[in-house]
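Protein sequence lines correspond, in order, to chains S and U.
Read left to right, the first sequence gives residues 1 to 436 (UniProt numbering).
Read left to right, the second sequence gives residues 1 to 436 (UniProt numbering).
Each residue gets a CB set at the ideal place from its N, CA and C atoms; glycine is no exception.
Given the structure is predicted, the values throughout are model-derived calculations rather than measurements.
First up is the structure itself, then whatever we jot down about it.
Protein chains: 2
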Amino acid sequence: MGSVNSGGSDGRFNRRAITVDEAQRRVLAAAARTASGHVPLAAAGGRRLAQQLLATSVWPPFARAGLDGYAVRAADTAEASPQSPAALRVVDTVAAGGLALAAVQPGTAARIMTGAPVPPGADAVVMLEQTAEGMAGGERTALVKAAARPGQNVAPQGEEFRLGSAIAGPGELLRPGHIALLATFGYASVPVYRRPRVAIFATGNELLPVEAPLAPGHIRDSNSAMVAAMIRQHGGEPLLCGALPDEPAAVREALRGIGGEADMIVTTGGVSVGDYDAMALLLRSLPRYEEVPGWTSASPETLLFNRVSMRPGSPTSAAWMDGKLVLALSGNPGACFTGFELLGVPALRAMQGDPSPYHRKVHAQLAREIGKGSPHDRYVRVSLQYGEDGRLYADPLAFGKSSMTASLAEAEALAVIPSGSSGAEAGRIVEAWLLT
Amino acid sequence: MGSVNSGGSDGRFNRRAITVDEAQRRVLAAAARTASGHVPLAAAGGRRLAQQLLATSVWPPFARAGLDGYAVRAADTAEASPQSPAALRVVDTVAAGGLALAAVQPGTAARIMTGAPVPPGADAVVMLEQTAEGMAGGERTALVKAAARPGQNVAPQGEEFRLGSAIAGPGELLRPGHIALLATFGYASVPVYRRPRVAIFATGNELLPVEAPLAPGHIRDSNSAMVAAMIRQHGGEPLLCGALPDEPAAVREALRGIGGEADMIVTTGGVSVGDYDAMALLLRSLPRYEEVPGWTSASPETLLFNRVSMRPGSPTSAAWMDGKLVLALSGNPGACFTGFELLGVPALRAMQGDPSPYHRKVHAQLAREIGKGSPHDRYVRVSLQYGEDGRLYADPLAFGKSSMTASLAEAEALAVIPSGSSGAEAGRIVEAWLLT
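Okay, structure coming up:
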């Protein structure tokens with residue numbers, strides 16, 4: 001036999017794996033917060049707040065009746081019962097939106113509606129159902145059939161918020177309950193972070209556009225549409241850019257061509273050790289993160305990493321180019337999904353100001369064994385089951401085959417199985433990272 | 001003392017409570033499915049599918065290489081080891097998107113890239129890292145250093161889907177994994193249910209628009225914006241219609257005026273026993289559900305219910321008017337939230353074809369006692385905590401005060417505390433309905 005070259009002699013296997021934690025740290029260091037702007041309150045749900053908002057008044061702004069009935073002085077009703085009701089002269093009727101014209105003096109009461117201001121002097125509201133009304137001595141009189149507790153059915157002024165207290169913090173995801181608070185305090189226009197724009201490129205000569213008929217040796221590009229849906233789900237705006245060219249230099253030009261239109265770039269495919277993996281070749285030409293001590297986003301272009309200790313998706317790579325984060329995902333759908341979930345989603349959250357952009361980590365009992373160990377930590381797609389005993393179970397979905405697209409839609413969490421020579425037995429408690 | 005009228009003599013307390021289950025059943029019977037239409041795949045994420053979609057080819061469409069390396073006949077490598085590699089003549093190089101030009105005969109191999117079609121004759125792919133290549137006898141030769149298992153690193157044709165097998169069902173919420181499948185099978189345009197349009201009216205003379213400065217005795221309308229955000233969150237399209245007039249007849253006209261612009265109407269406030277509760281007065285004038293045996297959506301206008309055995313929100317009401325569902329929620333923010341969550345959200349899901357529109361019900365251990373019993377089942381807003389022991393805990397949020405707007409944003413589930421004379425002690429396992 002003549003000359004023999006190891007497949008790795010050109011350095012393509014020289015890729016040092018870093019942990020998922022470290023990869024997330026580097027990606028987040030490169031994920032720049034987007035600018036902020038104002039949107040109308042009606043469009044603010046699901047956006048992330050760009051600054052802390054404060055209560056613009058005390059809340060409630062006045063003592064409010066919690067239900068319909070009579071505003072009374074509780075002391076006047078201390079002995080009241082159905083057999084021996086307290087008879088109180090009705091001095092006023094206060095509607096919601098109205099104002100009390102008369103104070104409630106001892107021996108008197110005011111008819112009051114839900115949400116109306118409680119008149120001065122009154123310290124309780126008796127529900128209408130516990131009263132009757134009639135005339136006594138020519139005067140309108142309420143008969144109160146139950147003793148009232150002071151404060152009963154009254155929401156005191158300022159009970160919930162003091163003027164200037166925080167109602168929502170920067171980076172907070174605005175849920176319907178936040179929207180109610182913002183409306184309460186008059187925020188008709190809301191400062192939020194702009195949606196991060198993310199350019200998506202696919203690589204792979206086998207890829208056809210979704211609308212094309214199948215051709216021999218070809219498949220349709222499913223990763224671009226999937227990643228676009230993930231970007232939208234997490235508040236970003238995807239820009240579908242089609243296919244990258246074959247040559248590293250042309251790839252470089254295509255990425256540069258995006259310019260300011262995108263805040264981040266995601267590519268799928270071309271990161272492995274194949275002869276035509278242009279993305280991998282391009283990234284290998286950049287200075288490595290380890291060569292740039294004290295890396296910050298002010299550093300020149302850098303390969304942040306090109307191997308992560310995770311399965312699926314170990315060739316997942318990231319770089320800092322043209323002042324933006326480039327996330328290079330594997331072309332395998334399962335690895336592409338996991339790579340974007342673990343690295344792209346936290347980046348999107350951080351770009352929208354989320355102060356804790358990581359996944360929520362919970363503990364669950366494995367419903368089934370996960371066979372086989374792995375040299376990398378495994379992120380196994382699981383569905384979650386809630387037992388009647390109050391326990392949480394994680395059920396692995398098609399865990400042996402990262403290419404199994406069918407299970408992507410069912411995944412509710414990624415169960416972390418640490419690297420090692422064995423898998424994990426049923427019943428073991430594992431950490432699971434919730435997908436949202 | 002002269003004449004005495006019970007507060008309830010005009011029938012305003014004559015409201016028969018039905019269970020939440022029964023209220024949901026009646027609301028769902030009145031929730032008409034919206035029409036369907038097609039949207040581009042890029043806009044289909046988060047929508048609900050209007051029909052079952054099928055695999056348009058087998059998948060994978062051909063036997064695909066799972067990684068870069070050499071396609072071999074496993075039998076040729078049975079004795080291979082690093083010390084004694086199998087030497088196989090390289091007959092072809094197959095790129096992704098290419099076609100195999102030569103079959104792999106005994107004693108030969110083909111260089112192959114991830115995603116490329118495996119040539120006829122080959123039954124395994126050996127990863128590049130376990131090979132070397134050189135020249136032997138003037139011919140290009142692969143040295144395979146490990147024995148291959150038949151089928152290794154090959155995704156066989158049709159492994160995941162048969163032609164015509166179901167990939168997603170009607171009413172299914174399209175998550176990113178579904179989008180990947182739809183792309184795989186060429187669905188560039190996707191049949192989905194139209195977003196239900198929901199008109200929102202507020203009632204209450206104390207209400208100001210969000211942009212208005214506070215005035216004595218007044219508060220801003222926070223329910224309309226909150227319900228609008230909940231509608232959007234669940235796939236609907238809110239139409240903010242402002243305030244309803246004060247008089248039942250005028251309310252009737254306003255609701256009728258919506259015509260075909262809305263698929264459903266939500267009102268907030270005015271459903272209690274107050275003297276000015278126009279919504280309650282209007283609803284009371286309708287024939288009752290119990291008076292219409294075999295009620296269907298073809299029945300004339302009907303009061304579906306005007307009291308539900310739940311707390312908060314017992315005055316929550318619903319009617320069938322002008323061929324659409326009218327959901328009349330309490331004006332108290334906590335009760336409004338719970339009423340829309342328990343009744344409006346399932347209706348929205350059903351209108352978009354969801355075959356199981358109810359909440360996901362889980363079991364969790366109460367992290368803290370819930371004091372006081374209630375004549376109605378209580379739906380207590382809770383946050384969820386996942387213990388390191390794999391247990392799920394429900395932590396009640398400000399549970400005593402349904403007006404506490406601040407806790408709405410934090411709620412992750414509603415814990416159900418059955419009616420009764422006592423509350424529920426810490427540690428008890430309760431049913432919790434997940435909010436999403």
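Does the pairing of the segment 105-125 of chain S with the segment 163-179 of chain S give three or more beta-carbon distances under 8 angstroms?
no
Restricting to Cα atoms, I'd like to know which of A215(U), E237(U) and V144(U) is closest to A199(U).
E237(U)
State yes or no: is the C-beta of P152(U) within less than 7 angstroms of the C-beta of A124(U)?
Just to set this straight, residue 152(U) is Gln in the shown sequence, not Pro. For Q152(U) and A124(U), yes; Cβs fall inside 7 angstroms.
Does N14(U) pass the burial test, meaning 16 or more other C-beta atoms within 10 Å, or should it be called exposed?
exposed
Rounded straight-line distance, which links the Cα of R391(U) to that of G334(U):
28 angstroms
Please identify, using Cβ separations under 7 angstroms, the residues of the segment 230-242 of chain U that lie next to chain S, in order along the chain.
M230, R232, Q233 and L240
Measuring straight from C-alpha to C-alpha, what distance separates V292(S) and S299(S)?
8 angstroms
Going along the segment 155-188 of chain U in order, which residues come within less than 7 angstroms of chain S, judged by CB to CB distance?
A155, E160, R175, P176, G177, H178, I179, A180, L181, A183, T184, G186 and A188
Quick one: which chain U residues come within Cβ less than 9 angstroms of N306(S)?
What N306(S) touches in chain U: nothing, since even the nearest Cβ is about 15 angstroms away.
Taking only runs of the alpha helix (DSSP H) that begin and end inside the UniProt domain "MoaB/Mog" (199-350) of chain S, which ones reach a length of at least 4 residues, in chain order?
223-233, 248-257, 278-284 and 333-339
C-beta neighbour in chain U for S403(S), strict 7 angstroms:
With a pLDDT of only 44 at S403(S), under the threshold of 50, the placement of this residue in the model should not be trusted; the figure read from the coordinates follows. By this cut-off, S403(S) is an interface position.
Quick check: does the Cβ of G69(S) come within less than 6 angstroms of any heavy atom belonging to the ligand COA?
Only the bare structure without any ligand can be found here, which leaves the ligand COA out of the picture.
Residue interval of the alpha helix (DSSP H) (run including G387(S))
No alpha helix (DSSP H) holds G387(S); DSSP gives it neither H nor E.
Under 7 angstroms, Cβ to Cβ, is there at least one residue of chain S near E261(U)?
no
Should M279(S) and V273(S) be called a contact, given that it needs their Cβ atoms to be closer than 7 angstroms?
no
Are V126(S) and A95(S) touching if we call contact CB-CB under 7 angstroms?
no
On the criterion of 16 or more Cβ atoms from any shown chain inside 10 Å, does Q83(S) qualify as buried, or is it exposed?
exposed
Going by beta carbon distance, what residues of the same chain come within less than 8 angstroms of R288(U), once the five residues before and after it are set aside?
T302 and L303
Just how far apart, CA to CA, sit M264(S) and E247(S)?
21 angstroms
Three or more C-beta pairs under 8 angstroms: does that hold for the segment 19-39 of chain U against the segment 307-319 of chain U?
yes
Is the distance from the Cβ of P44(S) to the Cβ of V210(U) below 7 angstroms?
One point to set straight first is that residue 44(S) is Ala, not Pro, in the sequence displayed. No, they are not a contact pair.
Assuming contact is defined by CB atoms lying nearer than 7 angstroms, are L384(S) and R428(S) in contact in what I supplied?
no
In chain U, which residues lie less than 8 angstroms from G204(S) when you measure between Cβ atoms?
A96, G97 and G115
Could you round the C-beta distance between E369(U) and A406(S) to whole angstroms and report it? I think they count as a contact, below 8 angstroms.
Not confirmed; about 45 angstroms, so no contact.
Beta carbons nearer than 7 angstroms to chain S: which residues of the segment 19-43 of chain U have them?
L41 and A42
D76(S): which of G69(S), G66(S) and A87(S) sits nearest, CA to CA?
A87(S)
Mark A262(S) as exposed unless 16 or more other C-beta atoms lie within 10 angstroms of its C-beta, in which case mark it buried.
buried
Using a Cβ-Cβ cut-off of less than 7 angstroms, give me the residues of the segment 338-366 of chain U that come near chain S, in sequence order.
V362, H363, A364 and Q365
Which residues in the same chain have their Cβ closer than 7 angstroms to the Cβ of residue 438(U), if we skip the five residues on either side of it in sequence?
Residue 438(U) cannot be examined here, being either before or after the span of chain U that is shown, 1 to 436.
Same chain, Cβ closer than 7 angstroms to Y187(S), five either side skipped, listed in chain order
L41 and L53
Grab me the residues of M1(S)'s own chain with a C-beta within less than 7 angstroms of its C-beta, minus the 5 sequence neighbours each way, in chain order.
Bear in mind that a pLDDT of 41 at M1(S), under 50, signals an unreliable position, so the model cannot answer this.
Ranges of the beta strand (DSSP E) found wholly within the segment 48-98 of chain U, counting only runs of at least 3:
69-72 and 86-94
Continuous beta strand (DSSP E) stretch holding P40(U): start and end:
S36 to P40
Apart from the five residues on each side of it in sequence, which residues of its chain come closer than 6 angstroms, Cβ to Cβ, to D221(U)?
A202 and L207
So M226(S) contacts chain U; which residues on that side make the cut at Cβ distance below 8 angstroms?
P176, G177, I179, A180 and A183
Under 9 angstroms, CB to CB, which of the residues in the segment 61-72 of chain U have a partner in chain S?
P61, F62, R64, G66, L67, D68 and G69
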